[in-house]
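In terms of our numbering, the sequence shown is residues 187 to 366.
Quick reminder that beta carbons are idealized off the backbone N, C-alpha and C, glycines included.
Just below is one structure, and these are the notes that go with it.
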Amino acid sequence: GHEETHAGRYLYEQLPELFPHTDARSWFVGNAELIEKTAFRNSSLQGGYFILAERALGLYDGDEAQILAWTERLLERYPDNRNLQLSKASSLWAIGGRGVHLQWLAGLAERADADATTLARYADRLSEDARRLPEALALAHRALRGAPYHATAWNQWAGLTWQSGARQEADWPADRFTDT
187 GHEETHAGRY LYEQLPELFP HTDARSWFVG NAELIEKTAF RNSSLQGGYF ILAERALGLY
247 DGDEAQILAW TERLLERYPD NRNLQLSKAS SLWAIGGRGV HLQWLAGLAE RADADATTLA
307 RYADRLSEDA RRLPEALALA HRALRGAPYH ATAWNQWAGL TWQSGARQEA DWPADRFTDT
């Protein structure tokens, strides 16, 4: 559905009051696609802000299990939210250890729509075990094919390439992963 307030009105109906310097309401009236996209983006951001607040409070209280519980509840509502997925990964690392953490990241990495940050995080964790370095390097390659200028993925690939002994290859330019 559309982004509604507690009063049952669409959020864009409140724009004259919230954003008075221009007629932003007119951008949304009759534009269901923009309303839907904006609602999804804003709800994802709000979920991320909520997790940041929960994590800050939870770390203060030291209750990682509560953070995980809240994250899982939010993931039920927003299953594709990358911030929530990575927050769960962090909680699993803190509570369940390496095995549970890697299992969660592996599941995310198996998805066709896995993003570069998730792939780089998983590659980083796998690289802690030298036997899994080739798998980690393949994940970093995959991340860069999807997002050739993603700084974290690039750093991960270069570090893994260097670690594997291919030091000269680690200095190659970023356009190596583009189709051009």
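Item	Value
Rounded straight-line distance, which links the Cα of Arg-297 to that of Thr-208	42 Å
Assigned secondary structure, Thr-257 (DSSP; H/G/I helix, E/B strand, else coil)	helix
Three-state secondary structure assigned by DSSP to Arg-297	coil
Cβ distance (whole Å) where Leu-305 is taken to contact Ala-339 below 8 Å	7 Å
Simplified DSSP assignment, three categories, for Ala-302	helix
Top-ranked residue by Cα proximity to Tyr-235, from Asp-310, Trp-256, His-327 and Ala-280	Trp-256
Three-state secondary structure (DSSP) of His-287	helix
Whole-Å CB distance - Ala-292 paired with Ala-329, under 8 Å assumed	No, Ala-292 and Ala-329 are not in contact; Cβ-Cβ is about 15 Å, not under 8 Å.
Beta carbon of Ser-313 nearer than 8 Å to that of Leu-346	yes
Length of the line joining the Cα atoms of Trp-343 and Gly-332	13 Å
The alpha helix (DSSP H) enclosing Gly-282, as first and last residue numbers	268-282
Span separating the alpha-carbon of Ala-300 from that of Leu-272	12 Å
Three-state secondary structure (DSSP) of Tyr-198	helix
C-alpha gap between Glu-262 and Gly-233, whole angstroms	12 Å
Whole-Å CB distance - Ser-277 paired with Glu-321, under 8 Å assumed	With 8 Å as the limit, Ser-277 and Glu-321 do not qualify as a contact, their Cβ atoms being about 24 Å apart.
For Phe-214, the first and last residue of its enclosing alpha helix (DSSP H)	211-214
Nonlocal neighbours in the same chain, by C-beta distance under 6 Å from Arg-268, ignoring five residues either side	Asp-301
Which of helix, strand or coil DSSP assigns to Thr-338	helix
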